[in-house]
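The next block holds one structure in the form of structure tokens; read it before the comments.
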Amino acid sequence: MSLLEIKNIDCFYGDVQVVYDVSMHVEEGEIISIIGANGAGKSTVLKCISGLVKATSGEIIFDGEPIHNLRPEKIVNRGVVQVPEGRKLFTLMTSKENLEVGAHNPRAYSRMAEGFEEVYKLLPRLKEREKQLAITMSGGEQQMVAVGRGLMANPKILMLDEPSLGLAPVLIQEIFQTVKKIADKGLTVLMVEQDVQHSLSMSDRGYVLEHGRIVQEGTGKELLENANIREAYLGI
Numbered sequence: 129m130s131l132l133e134i135k136n137i138d139c140f141y142g143d144v145q146v147v148y149d150v151s152m153h154v155e156e157g158e159i160i161s162i163i164g165a166n167g168a169g170k171s172t173v174l175k176c177i178s179g180l181v182k183a184t185s186g187e188i189i190f191d192g193e194p195i196h197n198l199r200p201e202k203i204v205n206r207g208v209v210q211v212p213e214g215r216k217l218f219t220l221m222t223s224k225e226n227l228e229v230g231a232h233n234p235r236a237y238s239r240m241a242e243g244f245e246e247v248y249k250l251l252p253r254l255k256e257r258e259k260q261l262a263i264t265m266s267g268g269e270q271q272m273v274a275v276g277r278g279l280m281a282n283p284k285i286l287m288l289d290e291p292s293l294g295l296a297p298v299l300i301q302e303i304f305q306t307v308k309k310i311a312d313k314g315l316t317v318l319m320v321e322q323d324v325q326h327s328l329s330m331s332d333r334g335y336v337l338e339h340g341r342i343v344q345e346g347t348g349k350e351l352l353e354n355a356n357i358r359e360a361y362l363g364i
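Numbering follows the numbering used here, in which position 67 of the sequence shown is assigned residue number 195; successive positions increment by one, without gaps.
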């Protein structure tokens, strides 16, 4: 049984359909990338899993239980945690206060102290910056806070929506190294990312989304070597 199974979901924004009959699965301990052009529906798939957008048909099964009819906070408490695109920090709160927000669910609250210990071990710069207001931090540091906040929620699967967006190349490298460390600890990662080279090179498998539909899937290596993907997304 897969940790996460998405079965034939359709998703709409109002009257506009954005995701069409999407099915995918994520096994425990995998890194999975969803790639595609802007507007392909990648972020919407994550929002459907999180319950922020309700699938109008199909099923989403997590850890053997259906979650597609649950409220977002219930889904988080099951261990499905999303780090949103654009970080979405509370900018006038400190780094530590933002991390604390991540632990305010029943699954994580009782182990907040352990959560801080784990996050600071993985991201030691956040320990140094714990009293600093988020608004005064660099883009890379803010992204680390967003990832740390997600980890504070004690996830079984961490979903990252464009973690490298808007960052300088050296910081992009650092973010992907952090994602790899998270996965090396055994945490399952589902990632939407436009940096196809970085994301697929570290992924066990990937899905290609075009106009809301899955058009291709395979191992990270297979997709990176695919001529159509190299031309469309890598300019090769």
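Note that beta-carbon positions come from the ideal geometry of N, C-alpha and C, so glycine has one too.
Need the endpoints of the beta strand (DSSP E) that residue i sits in, please.
i: L337; result: 333-338
i: G346; result: 341-347
i: M240; result: From DSSP, M240 is part of no beta strand (DSSP E) but of the alpha helix (DSSP H) over 240-250.
Count the other CB atoms, across all protein chains shown, that sit within 10 Å of the CB of residue i; report buried if there are 16 or more and exposed otherwise.
i: S327; result: buried
i: A215; result: Ala is not the amino acid found at residue 215; the sequence shown has Arg there. Counting Cβ neighbours within 10 Å, R215 comes out buried, since at least 16 surround it.
i: V144; result: exposed
i: G334; result: buried
i: I263; result: exposed
i: Q210; result: buried
i: S238; result: exposed
i: D289; result: buried
i: Y141; result: exposed
i: M152; result: buried
i: T316; result: buried
i: V298; result: exposed
i: P194; result: exposed
i: H339; result: exposed
i: G348; result: buried
i: A241; result: exposed
i: M129; result: exposed
i: L362; result: exposed
i: L220; result: exposed
i: N282; result: buried
i: S185; result: exposed
Could you tell me the boundaries of the alpha helix (DSSP H) in which residue i lies?
i: A311; result: 297-312
i: S178; result: 170-178
i: S107; result: The first residue shown for the chain is 129 and the last is 364, placing residue 107 beyond what the model contains.
i: M272; result: 267-280
i: P234; result: 234-237
i: N354; result: From DSSP, N354 is part of no alpha helix (DSSP H); its letter is neither H nor E.
Per DSSP, what are the beta-bridge partners of residue i in this structure?
i: F190; result: L132, E193
i: Q325; result: BP columns for Q325 are empty, so no partner.
i: D138; result: S185
i: I162; result: V320, Y335
i: L198; result: L198 is not bridged to any residue.
i: I285; result: V208, T316
i: M152; result: I134
i: L261; result: T222
i: V144; result: Y141
Would you grab the beta carbon distance between residue i and residue j for me? Rounded to a whole angstrom, and I think it's under 8 Å.
i: P291; j: Q271; result: 6 Å
i: L295; j: G268; result: 6 Å
i: L251; j: G276; result: 5 Å
i: S223; j: M265; result: 7 Å
i: Q325; j: V336; result: That belief does not hold up - the Cβ atoms of Q325 and V336 are roughly 14 Å apart, past 8 Å.
i: A233; j: V204; result: The residue asked about is misnamed: residue 233 is Asn in this sequence, not Ala. Yes, N233 and V204 are in contact; Cβ-Cβ is about 5 Å, under 8 Å.
i: V173; j: I285; result: Their Cβ separation, rounded to whole angstroms, is 13 Å, which puts V173 and I285 out of contact at 8 Å.
i: L227; j: V247; result: 6 Å
i: G192; j: G314; result: G192 to G314, Cβ: 19 Å. No contact.
i: R199; j: G179; result: 6 Å
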